Amino acid sequence: MEDYMKNLKERVDKKIIDIFSAGYEAHYMLKRVLKDDTLFVENQDIIDVIFIEREEISGGSDSSLKPYEPAKLIIATTYGILFLEEGFTELNDNLLGYRLKKTYYNKIDSVELDICLLNGSFRIYSGGNVSSEIEFSTSKYFKEFEEFMSIIHENIMQNK
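Positions in the sequence shown are counted from 1; adding 2 to them yields the working numbering.
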């Protein structure tokens with residue numbers, strides 16, 4: 003069990019380093035929430051992370067890119083799952099708006115991973131309703147979500 007936890011920690015550390023090195027592709031708040039001193043994770047251990055990159059389209063003749071799908075960060079901690087999505091409203095020079103949702107393991111009824119040919123979705127049910135849903139490209143993220151499901155399953159069972 004100790005080796006499993008060590009491997010899990012190394013895997014998460016690598017993912018976090020990759021997010022920090024993503025530059026503009028990783029929103030300031032997404033990076034900020036991964037730091038140890040943030041209020042969002044309540045100093046709990048992060049056990050898995052999925053970073054879904056922002057999707058952009060060309061702005062036309064000016065060749066600038068305009069975001070049409072925000073970047074998302076899904077964090078599994080020892081107490082629950084955090085969903086963080088960047089916003090496009092600028093609050094100050096380097097900070098855009100964001101949306102944060104916490105779902106505690108003891109409040110989760112079920113978790114669903116729906117994988118299709120091109121798109122997938124990850125849903126959390128609480129109180130008989132969909133509490134949170136993330137859609138993603140299966141070509142980029144299906145393996146990460148499968149691993150995420152396995153990791154959170156263990157924590158859901160421990161917290162029930």
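For every residue, glycine included, the Cβ atom is placed at its ideal position computed from N, Cα and C.
These numbers were taken from a predicted model, which means no experiment stands behind them.
Ile-77 and Ile-110 do not touch by the CB rule: their CB atoms are close to 15 Å apart, not below 8 Å. In the three-state scheme derived from DSSP, where H, G and I count as helix and E and B as strand, Leu-120 is classed as coil. Here Lys-145 is exposed: its Cβ has fewer than 16 other Cβ atoms, across all protein chains shown, within 10 Å. Leaving aside the five residues that flank Ser-139 on each side, the residues in its chain whose CB is nearer than 8 Å to its CB run, in chain order, Leu-120, Asn-121, Gly-122. By a beta-carbon distance limit of 8 Å, Tyr-107 contacts Gly-82. Their separation comes to about 5 Å. A residue is called buried when at least 16 other Cβ atoms come within 10 angstroms of its Cβ; Lys-142 does not meet this threshold and is exposed. In the three-state reduction of the DSSP assignment, Glu-57 falls in the strand class.
In this structure, the straight-line span from the alpha carbon of His-155 to that of Leu-84 is close to 15 Å. Looking at Glu-57, Ser-128, Asp-20, Ser-112, the one whose alpha-carbon comes closest to that of Glu-137 is Glu-57. Per DSSP, the beta-bridge partners of Phe-138 are Gly-122.
Membership of Ile-76 in the beta strand (DSSP E) is indicated by the continuous run 74-79. Counting of Cβ neighbours within 10 angstroms places Asn-157 among the buried residues, the total reaching 16 or more. When the Cα atoms are used, Cys-118 and Asp-5 turn out to be separated by approximately 33 Å. In the structure shown, Ile-19 falls within a helical segment according to DSSP collapsed to helix, strand and coil.
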